[in-house]
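Protein chains in written order, with the numbering used here: chain E, 193 to 307; chain G, 31 to 139.
For glycine and all other residues, C-beta sits at the position ideal for the given N, C-alpha and C.
Structure first, then comments.
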Amino acid sequence: DSGVTQTPKHLITATGQRVTLRCSPRSGDLSVYWYQQSLDQGLQFLIQYYNGEERAKGNILERFSAQQFPDLHSELNLSSLELGDSALYFCASSPYHSRTDSGYTFGSGTRLTVV
Amino acid sequence: AQRVTQPEKLLSVFKGAPVELKCNYSYSGSPELFWYVQYSRQRLQLLLRHISRESIKGFTADLNKGETSFHLKKPFAQEEDSAMYYCALTPGQGGKLIFGQGTELSVKP
Numbered sequence: 193d194s195g196v197t198q199t200p201k202h203l204i205t206a207t208g209q210r211v212t213l214r215c216s217p218r219s220g221d222l223s224v225y226w227y228q229q230s231l232d233q234g235l236q237f238l239i240q241y242y243n244g245e246e247r248a249k250g251n252i253l254e255r256f257s258a259q260q261f262p263d264l265h266s267e268l269n270l271s272s273l274e275l276g277d278s279a280l281y282f283c284a285s286s287p288y289h290s291r292t293d294s295g296y297t298f299g300s301g302t303r304l305t306v307v
Numbered sequence: 031a032q033r034v035t036q037p038e039k040l041l042s043v044f045k046g047a048p049v050e051l052k053c054n055y056s057y058s059g060s061p062e063l064f065w066y067v068q069y070s071r072q073r074l075q076l077l078l079r080h081i082s083r084e085s086i087k088g089f090t091a092d093l094n095k096g097e098t099s100f101h102l103k104k105p106f107a108q109e110e111d112s113a114m115y116y117c118a119l120t121p122g123q124g125g126k127l128i129f130g131q132g133t134e135l136s137v138k139p
């Protein structure tokens, strides 16, 4: 087990709905990163939090938001869902805010299907 | 612009044959470069990074700054090497990774 836990593993929901994906980082890691993996866009960085603060933003839609809580777990909220939001959403964690060495670990992902 | 290009979507080789997965990058500074592997759409695992110059599972990759390439090589492919391989870079600031589109390696018996 990599230590990064994502729940749920699978999620099926209808268009227009809102879902929350959860990520618990590896113990001791302060940074959480969210990525979206889709067939047409590949792996895209969405957003990073470090110790509760937003650190970097990537190609994240306005309908999406995230936060990191005091216990360092993070949630990615996806609203007004569209068919194109169907993807595998990965979370990763690392001890640092700017290094990506061997301490950067991915979770197993949440597969979101919008119908 | 920061970009990682993997020109081959699929690479199919026979067991025991040499493998080279190509990766080219576009970045004005000095990026850190990585190869990640993903088996059967499982979690991504770090395979190797250019700063460590290590060899993992027989794979090596050399950073060529002149050609802005970071190709992944293995002299003798094994069936268990079949997976998706992603080349990625991290820019100078922040820990985000910029991924290429990935290359699916299929090693036939």
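Residues that residue i bridges to, as DSSP identifies them
i: Tyr69 of chain G; result: According to DSSP, Tyr69 of chain G bridges with nothing at all.
i: Gln259 of chain E; result: E:Glu267
i: Thr133 of chain G; result: G:Tyr115
i: Lys138 of chain G; result: G:Phe44
i: Arg303 of chain E; result: E:His202 and E:Leu280
i: Thr98 of chain G; result: Bridge partners of Thr98 of chain G: none, in fact.
i: Cys215 of chain E; result: E:Gln198 and E:Ser266
i: Tyr227 of chain E; result: E:Phe237 and E:Phe282
i: Ile86 of chain G; result: G:Phe89
i: Phe106 of chain G; result: Phe106 of chain G is not bridged to any residue.
i: Ile128 of chain G; result: G:Leu119
Rounded distance between the beta-carbons of residue j and residue i, thought under 8 Å
i: Leu119 of chain G; j: Val34 of chain G; result: 6 Å
i: His101 of chain G; j: Lys52 of chain G; result: 5 Å
i: Ala258 of chain E; j: Glu267 of chain E; result: 7 Å
i: Leu270 of chain E; j: Phe256 of chain E; result: 5 Å
i: Ser285 of chain E; j: Ser230 of chain E; result: Not really, about 22 Å apart at Cβ, beyond 8 Å.
i: Lys45 of chain G; j: Glu109 of chain G; result: 6 Å
Endpoints, the beta strand (DSSP E) within which residue i is located
i: Cys283 of chain E; result: Ala279 to Ser286
i: Phe237 of chain E; result: Gly234 to Tyr242
i: Thr199 of chain E; result: Thr197 to Thr199
i: Val4 of chain G; result: For chain G, the structure presents residues 31 to 139; residue 4 of chain G sits outside this window and is missing.
i: Lys54 of chain G; result: The residue you asked about is not Lys; residue 54 of chain G is Asn in the sequence shown. Here the beta strand (DSSP E) through Asn54 of chain G covers Asn54 to Ser56.
i: Ala248 of chain E; result: Glu245 to Lys249
i: Arg210 of chain E; result: Note, Arg210 of chain E: premise wrong, no beta strand (DSSP E); not H, not E.
i: Glu274 of chain E; result: Note, Glu274 of chain E: premise wrong, no beta strand (DSSP E); not H, not E.
i: Glu50 of chain G; result: Val49 to Leu51
i: Leu77 of chain G; result: Gln75 to Arg79
Assigned exposure category for residue i - 16 Cβ within 10 Å defines buried
i: Glu104 of chain G; result: The question names Glu, but residue 104 of chain G is Lys in the sequence shown. The residue is buried, with at least 16 neighbouring Cβ atoms inside 10 Å.
i: Leu40 of chain G; result: exposed
i: Gln228 of chain E; result: buried
i: Leu78 of chain G; result: buried
i: Gln233 of chain E; result: exposed
i: Ala47 of chain G; result: exposed
i: Ile128 of chain G; result: buried
i: Gly130 of chain G; result: buried
i: Gly31 of chain G; result: Correcting the residue identity first, residue 31 of chain G is Ala in this sequence and not Gly. Its Cβ having fewer than 16 others within 10 Å, Ala31 of chain G is exposed.
i: Val306 of chain E; result: buried
i: Asp277 of chain E; result: buried
i: Gly125 of chain G; result: buried
i: Gly299 of chain E; result: buried
i: Ile239 of chain E; result: buried
i: Ala206 of chain E; result: exposed
i: Tyr225 of chain E; result: buried
i: Pro37 of chain G; result: exposed
i: Tyr281 of chain E; result: buried
Output needed in chain order: residues of the region 229-254 of chain E with a Cβ under 7 Å from some Cβ in chain G.
Residues of the region 229-254 of chain E that bring their beta carbon within less than 7 Å of a beta carbon in chain G comprise Gly234, Leu235, Phe237, Gln240, Arg247, Ala248 and Gly250, in sequence order.
Scan the region 204-232 of chain E for residues whose Cβ lies nearer than 7 Å to a Cβ of chain G and list them as they occur along the chain.
Within the region 204-232 of chain E, the residues whose Cβ lies closer than 7 Å to some Cβ of chain G are Ser223 and Tyr225, listed in chain order.
Residues in the region 259-288 of chain E having any Cβ partner in chain G nearer than 9 Å
Leu280, Phe282, Ala284, Ser286 and Tyr288
Residues of the region 108-132 of chain G in Cβ contact with chain E at a cutoff of 9 Å, in chain order, please.
Tyr116, Ala118, Thr120, Gly122, Gln123, Gly124, Gly125, Lys126, Leu127, Ile128, Phe129, Gly130, Gln131 and Gly132
Taking Cβ-Cβ distances below 7 Å as the criterion, which residues of the region 81-109 of chain G are in contact with chain E?
Listed by position, the residues of the region 81-109 of chain G near chain E (Cβ gap below 7 Å) amount to none.
What are the residues in the region 67-79 of chain G lying within 8 Å of chain E by C-beta distance?
Arg71, Gln72, Arg73, Leu74, Gln75, Leu76 and Arg79
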